[in-house]
Amino acid sequence: MRENSLGLVFGLLFAAALVGQASAGHADFNRHQMDDGLNPISLGRYLTSASFAVDVTENWQSEYLQFFLYIFLAVWLLQKGSPESEALDKAGRGSDEDQMVGAHAPASSPGWARVGGLRRALFSHSLGLVFGAGFILSWTAQSITGVAAYNEQQLGNLQDPVSWGRYLLRPDFWNRSLQNWQSELLAVSSMVVLSIYLRQRGSSQSKSVGAAHSSTGSDH
Numbered sequence: 023m024r025e026n027s028l029g030l031v032f033g034l035l036f037a038a039a040l041v042g043q044a045s046a047g048h049a050d051f052n053r054h055q056m057d058d059g060l061n062p063i064s065l066g067r068y069l070t071s072a073s074f075a076v077d078v079t080e081n082w083q084s085e086y087l088q089f090f091l092y093i094f095l096a097v098w099l100l101q102k103g104s105p106e107s108e109a110l111d112k113a114g115r116g117s118d119e120d121q122m123v124g125a126h127a128p129a130s131s132p133g134w135a136r137v138g139g140l141r142r143a144l145f146s147h148s149l150g151l152v153f154g155a156g157f158i159l160s161w162t163a164q165s166i167t168g169v170a171a172y173n174e175q176q177l178g179n180l181q182d183p184v185s186w187g188r189y190l191l192r193p194d195f196w197n198r199s200l201q202n203w204q205s206e207l208l209a210v211s212s213m214v215v216l217s218i219y220l221r222q223r224g225s226s227q228s229k230s231v232g233a234a235h236s237s238t239g240s241d242h
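Adding 22 to a residue's 1-based position in the sequence shown gives its number in this note's numbering.
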């Protein structure tokens, strides 16, 4: 439990937040139903509705986008004084020796770090690729559930539904996407810059309390 406490606690917090969102979203959805003179729906039906799915996936895709961009951009881009940045002389992919791959891999290294070819190339970029795939999948899910929820509103207002392609050009879709993207990108940029001058004692995301503001990356 102690050795996995960070992942476990965040997993439990995620589950609690999702349950809370489902409960609050169900209540809010039924309030709108009653305001429109329609019957409320059960929690089970709400959880399988496009309205709930689009609310969930629009947040997931922005989170995956945030980390996908950060993982790849942090390979080459630097921020002097931030523990979130590589050291100023270590930008780039690094040598095989630095990365402990191939002939430089110790016995404890993962098997794909010791081999060459496609397997090592995939493993070398697996973190970014998985987050990139997570973004694409959740973005696609958001667009599909979004057009379903949008068309429900269209039909309720006695208006014609739109196709998936036309929905992607609608302000509704981009409003949902961009309001989440900007908040996640603000959070990342705030963490990168504020960690130059501010500290959190004992946290792996902070420099040591007495480290110089100019110390960068792990050089603290």
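Note that the Cβ used here is the ideal one computed from N, Cα and C, for glycine as well.
Can you give the Cα-Cα distance for residue i and residue j, rounded to whole angstroms?
i    : j    : result
G154 : Y189 : 23 Å
T167 : F32  : 26 Å
L30  : G59  : 43 Å
H242 : G103 : Any reading at H242 must be qualified, since the residue scores a pLDDT of 48, below 50, and its modelled position is unreliable; the value itself is stated next. Rounded to whole angstroms, H242 to G103 spans 10 Å at the Cα level.
R221 : Q55  : 48 Å
Q201 : A113 : 31 Å
G178 : F36  : 33 Å
S185 : K229 : 50 Å
L95  : S45  : 37 Å
S107 : I63  : 49 Å
L69  : P183 : 22 Å
F195 : S165 : 7 Å
V152 : G138 : 20 Å
Y219 : H235 : 6 Å
Q176 : W161 : 22 Å
V214 : P105 : 8 Å
S225 : E174 : 47 Å
R24  : L34  : 15 Å
Looking at the structure shown, is residue i part of a helix, part of a strand, or coil, going by DSSP?
i    : result
N26  : coil
H242 : Confidence at H242 is low in this model, with a pLDDT of 48, below 50, so the placement of that residue is unreliable and no value is reported for it.
G59  : coil
V41  : helix
S226 : coil
Q201 : helix
A234 : coil
F36  : helix
L99  : coil
L87  : helix
L180 : coil
S212 : helix
R188 : helix
R53  : helix
S71  : coil
S244 : The requested residue 244 is not part of the displayed model; the chain covers only 23 to 242.
S64  : coil
How about residue i: is its C-beta nearer than 8 Å to some C-beta of chain C?
i   : result
Q43 : Checking the listed chains, one finds no chain C in this structure; it contains a single protein chain.
Cβ of residue i within 7 Å of any heavy atom in the ligand SAH?
i    : result
S212 : Only the bare structure without any ligand can be found here, which leaves the ligand SAH out of the picture.
> Given 8 Å as the limit, is there contact between the stretch 182 to 202 and the stretch 121 to 129, that is, 3 or more CB pairs closer than that?
Replying inline: no
> Where in the stretch 103 to 175 do unbroken runs of the alpha helix (DSSP H), each at least 4 residues long, occur, reported from the N-terminal end onward?
Replying inline: 118 to 121, 133 to 136, 139 to 146
>> So, does the stretch 200 to 215 touch the stretch 76 to 95, judging by three or more C-beta pairs under 8 Å?
In response: Cβ pair count under 8 Å is three or more, so yes.
> Touch check for the stretch 68 to 76 and the stretch 133 to 150: three-plus C-beta pairs under 8 Å?
Replying inline: Because the criterion of three Cβ pairs below 8 Å is not met, the stretch 68 to 76 and the stretch 133 to 150 do not touch.
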